[in-house]
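> Chains as they are written, first to last, in full-length UniProt numbering: chain W, 1 to 376; chain G, 1 to 376.
Glycine included, each C-beta is placed from N, C-alpha and C at the ideal position.
It should be emphasised that the depicted structure is a prediction, and the values quoted were computed from it without experimental measurement.
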């Protein structure tokens, strides 16, 4: 048997040749790209790629090597496509995007909807993004907010999508799936919860606590110290505060912001009861038009994978081969189709980037019902 | 400019050479593997791989090509490692696994804990897996079940991890993270919910409904038709049924199984109220020993990604390059570290597979706090 050193010298020599051939190959692909720019031919040629994979597999022996070289060529061909998309962009020859680029949002004249009532965290997030003097109204549920946007009753909705402690707001993912509304911006709001009760109430009076499910989760350490308290979920923290005032029962309290307590005439019994000091919530700004800001840097998509066929790892290779950084992935069951999932992926990029075009092209081929939820 | 046909002929000729070199390279890697088997050397050599990436990048020009060839070589070297792990396995030279292989679970003599009370879905899942005559007891919360296992008070716990309609049981992911308990099996239970009240109660009497949060979500379509009903979350559907009986208030009902209703002396007011006819829940069997069944075919892991450094796409390449099919991925916020995530991934495989060894080796290098939750 040859020594490790001799074997490694052999590898180094092979690798020099592979590197030279790789560079030659990319040069020829660049020339193919120039041809495609001039001739108006499309970059992705499914039939040609299939034939190429079969061809390289036929050139090597053994299952392990046949599989390996095909994987290698999938990556190589994805690189070639990325190069060619870049050439098309530089030549100004890239086709229409499904989203229209805009320079800014008209925050001054926008009519904005939030969920809850006066004092809701959604109201605070809305003001943080659109300013204190925003023209706004509120609805009771997330669904009603999405309907207001879809109908055009409001230009934008500001809705929570994720909390730093409690995780995703699962219902929002389902609604983004269901409605033809799109994310156009996001804003992150620090969240400090209080336990608030009727004026004059003492901590020892409390027997029942109202809040939003997520807020109850974010304060579970505090609430667990009072395990005899009943915890009741309502649709919004500010609505919980309002309910406590209206029902006028000294044994009832709300988990809500100090602002919501003030607005609804409650007294703060304990401030800062969130488990995590750095608790914050990410809100999205949703609209009914397919638009994106020119400096948008994050894309959210959703797609489905057919049962037992296309697999997740094949799909995710489109991010990896195009060097796109995924920042988030959520899987959600598809209603009515047990154990099938749709996936929500956030990744960094702008719809005008060649790598993004390349990835989305591949994702559309290999997943089902791909929807771009927004670029923001 | 040359025609597309001429350019493609050039590509074909380059590809023939690359295929030949690829095969040569894998042959030499196989010889390196034989050497490593004999010499007891380890497969993964981080320093050598780093040098190789720098070397191939130096052989090509331009940022695009330098990046491209490095990505290609990451894949090539992962393939080499997979080949060498396979050789080690075949030579019987693969080191100790952190988990011990067992032939079967001693279901006859097992002492098993479930969460809830008599009639809980967890009890039904337990009986489905361990048989009707299982020696069991119940505790009030998932946390208490995990503690019973950790302390050895029970051999196994049967706990829900995911529902086909409502998605993951988020708390279970947090508990699997926190406790040194491991998944050793799973069982899927069909779930049919009823609305059950006191004997003699009519649907029009109902004003308040108790159940587990997940069960309330799984029956939201039915419950939305009665939007004036208060919905109150308790820890378990069977505990909800028990509570309705004990409080003896005709306006109260539980969402629970018909079995739970029967056990606790309630009457079924409406049967089959789940939104989805095919509603089912996946339960995991958890134990405190690191063991796996020899025919285990699914692995669950969790890992963290440090903020702003290691990125998700780099991590997931270890599944792709090793041809491991991910069946599920969940991201959860890390408590006390806003916007940092830990990830829970399920993928197909057995801890003895070379591809699995290879992937886990790479994952350990590039993620933080990797934990194998079980192979089952």
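For residue 64 of chain G, which residues in chain W fall below 7 angstroms Cβ to Cβ?
For the purposes of this step, residue 64 of chain G is taken as residue 64 along the second chain, with counting starting at 1. Those within 7 angstroms of residue 64 of chain G in chain W are 83.
> From the DSSP secondary-structure annotation, give me the bridge partner or partners of residue 100 of chain W.
Working through the first chain from its first residue, we reach residue 100 of chain W at position 100. DSSP output for residue 100 of chain W lists W:291 as bridge partner(s).
> What residues match up with residue 383 of chain G in a beta bridge as DSSP calls it?
Absent from the model: residue 383 of chain G. The displayed extent of chain G is 1 to 376, so no value can be given.
> By how many angstroms is the C-alpha of residue 369 of chain W removed from the C-alpha of residue 243 of chain G?
Position 243 of the second chain, counted from the first residue, corresponds to residue 243 of chain G. Position 369 of the first chain, counted from the first residue, corresponds to residue 369 of chain W. Computed Cα separation, rounded: 44 angstroms.
> DSSP state of residue 379 of chain W, grouped into three classes?
Residue numbering for chain W in the displayed model covers 1 to 376; residue 379 of chain W lies beyond these limits and cannot be assessed.
> Checking contacts by CB at 8 angstroms: is residue 339 of chain G closer than that to chain W?
Start at 1 with the first residue of the second chain, and residue 339 of chain G comes out as number 339. Closer than 8 angstroms: yes.
> Please list, in chain order, the residues of the stretch 229-252 of chain W that have any C-beta partner in chain G closer than 8 angstroms.
If the cut-off is 8 angstroms between Cβ atoms, the stretch 229-252 of chain W has 230, 231, 232, 233 near chain G.
> Apart from the five residues just before and just after residue 299 of chain W, which ones in its own chain have a Cβ nearer than 6 angstroms to its Cβ?
Along the first chain, read from residue 1 onward, the residue named residue 299 of chain W stands at position 299. 347, 349, 375.
> Given this structure, state the Cα-to-Cα distance separating residue 52 of chain W from residue 367 of chain W, to the nearest angstrom.
Walking along the first chain from the start, residue 52 of chain W turns up at place 52. Walking along the first chain from the start, residue 367 of chain W turns up at place 367. The straight-line gap from Cα to Cα measures roughly 22 angstroms.
> Considering only the beta carbon of each residue, do residue 275 of chain W and residue 230 of chain W sit closer than 8 angstroms?
Along the first chain, one-based indexing puts residue 275 of chain W at 275. Along the first chain, one-based indexing puts residue 230 of chain W at 230. The answer is no: Cβ separation not under 8 angstroms.
> May I ask you to verify whether the stretch 143-158 of chain G touches the stretch 242-258 of chain G, counting CB pairs closer than 8 angstroms and requiring at least 3?
Judged by Cβ distances under 8 angstroms, the stretch 143-158 of chain G makes no contact with the stretch 242-258 of chain G, as fewer than three pairs qualify.
> Can you check whether the CB of residue 341 of chain W is closer than 8 angstroms to the CB of residue 305 of chain W?
One-based indexing of the first chain puts residue 305 of chain W at position 305. One-based indexing of the first chain puts residue 341 of chain W at position 341. Cβ atoms of residue 305 of chain W and residue 341 of chain W: closer than 8 angstroms.
> Are any of the Cβ atoms in chain G nearer than 8 angstroms to that of residue 278 of chain W?
Start at 1 with the first residue of the first chain, and residue 278 of chain W comes out as number 278. It does; some Cβ of chain G falls within 8 angstroms.
> Comparing C-alpha positions only, which one of G:185, G:118, G:189 sits nearest to residue 261 of chain G?
Stepping through the second chain from its first residue, residue 261 of chain G is reached at position 261. The shortest C-alpha separation from residue 261 of chain G is found at G:118.
> Check the Cβ-Cβ distances between residue 378 of chain G and every residue of chain W, and say whether any is below 8 angstroms.
For residue 378 of chain G there is no data in the structure shown, the boundaries of chain G being 1 and 376.
> List, in order along the chain, the chain W residues whose C-beta lies closer than 9 angstroms to that of residue 165 of chain G?
Along the second chain, read from residue 1 onward, the residue named residue 165 of chain G stands at position 165. Simply 333, 335, 336, 338.
> Along chain B, in chain order, which residues have C-beta atoms closer than 9 angstroms to that of residue 35 of chain W?
Among the protein chains of the structure shown, namely W and G, there is no chain B.
> Determine whether the beta carbon atoms of residue 338 of chain G and residue 164 of chain W lie at a separation below 8 angstroms.
Working through the second chain from its first residue, we reach residue 338 of chain G at position 338. Working through the first chain from its first residue, we reach residue 164 of chain W at position 164. The answer is yes: Cβ separation under 8 angstroms.
> So, helix, strand or coil for residue 12 of chain G, using DSSP?
Here residue 12 of chain G is taken as the residue at index 12 of the second chain, counted from 1. Of the three classes helix, strand and coil, the one that applies to residue 12 of chain G here is helix, per DSSP.
> Under a three-way DSSP split, which group does residue 172 of chain W fall into?
Within the first chain, the letter at position 172 stands for residue 172 of chain W. It is helical.
> Do the CB positions of residue 344 of chain W and residue 186 of chain W come within less than 8 angstroms of each other?
As a position in the first chain, residue 344 of chain W is number 344, starting the count at 1. As a position in the first chain, residue 186 of chain W is number 186, starting the count at 1. No.
> Could you have a look at residue 369 of chain G and say whether DSSP puts it in helix, strand or coil?
The residue given as residue 369 of chain G occupies position 369 in the second chain. The answer is strand: DSSP assigns residue 369 of chain G an E or B state.
> Return yes when the Cβ of residue 83 of chain W is within less than 8 angstroms of the Cβ of residue 75 of chain G, no when it is not.
Taking the second chain and counting its residues from 1, one reaches residue 75 of chain G at position 75. Taking the first chain and counting its residues from 1, one reaches residue 83 of chain W at position 83. Not a contact, by the Cβ cut-off of 8 angstroms.
> On the premise that residue 323 of chain G lies in contact with residue 355 of chain G, defined as a C-beta separation below 8 angstroms, what is that separation, rounded to the nearest angstrom?
Along the second chain, one-based indexing puts residue 355 of chain G at 355. Along the second chain, one-based indexing puts residue 323 of chain G at 323. Confirmed, about 6 angstroms.
> Less than 8 angstroms between the C-beta atoms of residue 280 of chain G and residue 196 of chain G, yes or no?
Within the second chain, numbered from 1, the residue matching residue 280 of chain G stands at position 280. Within the second chain, numbered from 1, the residue matching residue 196 of chain G stands at position 196. Not closer than 8 angstroms, so no.
> When the Cβ atoms of the stretch 8-16 of chain G are set against those of the stretch 20-38 of chain W, are three or more pairs found closer than 8 angstroms?
Yes: at least three Cβ pairs fall under 8 angstroms.
> By Cβ distance below 8 angstroms, which residues in the same chain neighbour residue 37 of chain W in space, the five residues on each side in sequence not counted?
Residue 37 of chain W sits at position 37 when you count from the first residue of the first chain. Answer for residue 37 of chain W: 87, 88, 91, 93, listed in chain order.
> Are any of the Cβ atoms in chain G nearer than 8 angstroms to that of residue 360 of chain W?
Counted from its first residue, the first chain places residue 360 of chain W at position 360. Answer no: the Cβ-Cβ gap between residue 360 of chain W and chain G never drops below 8 angstroms.
> Considering only the alpha carbon of each residue, which of G:42, G:162, G:225, G:138 lies closest to residue 153 of chain G?
Here residue 153 of chain G refers to the residue found at position 153 of the second chain. Answer by Cα proximity: G:138.
> Any idea if residue 6 of chain G is buried or exposed, counting beta-carbon neighbours within 10 angstroms, 16 or more meaning buried?
Numbered from 1 along the second chain, position 6 holds the residue referred to as residue 6 of chain G. Looking at its Cβ environment, which holds fewer than 16 other Cβ atoms inside 10 Å, residue 6 of chain G is exposed.
> Tell me, which residues are paired with residue 29 of chain W by DSSP?
Stepping through the first chain from its first residue, residue 29 of chain W is reached at position 29. Answer is none; residue 29 of chain W lacks a bridge partner.
> Flag residue 68 of chain G as yes if its beta-carbon sits less than 8 angstroms from any beta-carbon of chain W, otherwise no.
Mapped onto the second chain, residue 68 of chain G falls at position 68. So yes, residue 68 of chain G belongs to the interface.
> Alpha carbons only, please: which of W:62, W:172, W:70, W:66 is nearest the one belonging to residue 50 of chain W?
Within the first chain, residue 50 of chain W is the residue found at index 50, counting from 1. The shortest Cα separation from residue 50 of chain W among W:62, W:172, W:70, W:66 belongs to W:70.
> Classify residue 41 of chain W as helix, strand or coil using the three-state DSSP reduction.
Taking the first chain and counting its residues from 1, the one referred to as residue 41 of chain W is at position 41. It is coil, neither helix nor strand.
> Can you find a C-beta in chain G that's less than 8 angstroms from the C-beta of residue 50 of chain W?
Walking along the first chain from the start, residue 50 of chain W turns up at place 50. No - not a single Cβ of chain G is within 8 angstroms of the one on residue 50 of chain W.
> Along chain W, in chain order, which residues have C-beta atoms closer than 9 angstroms to that of residue 213 of chain G?
Against the second chain, residue 213 of chain G aligns to sequence position 213. Chain W residues near residue 213 of chain G: 213, 233.
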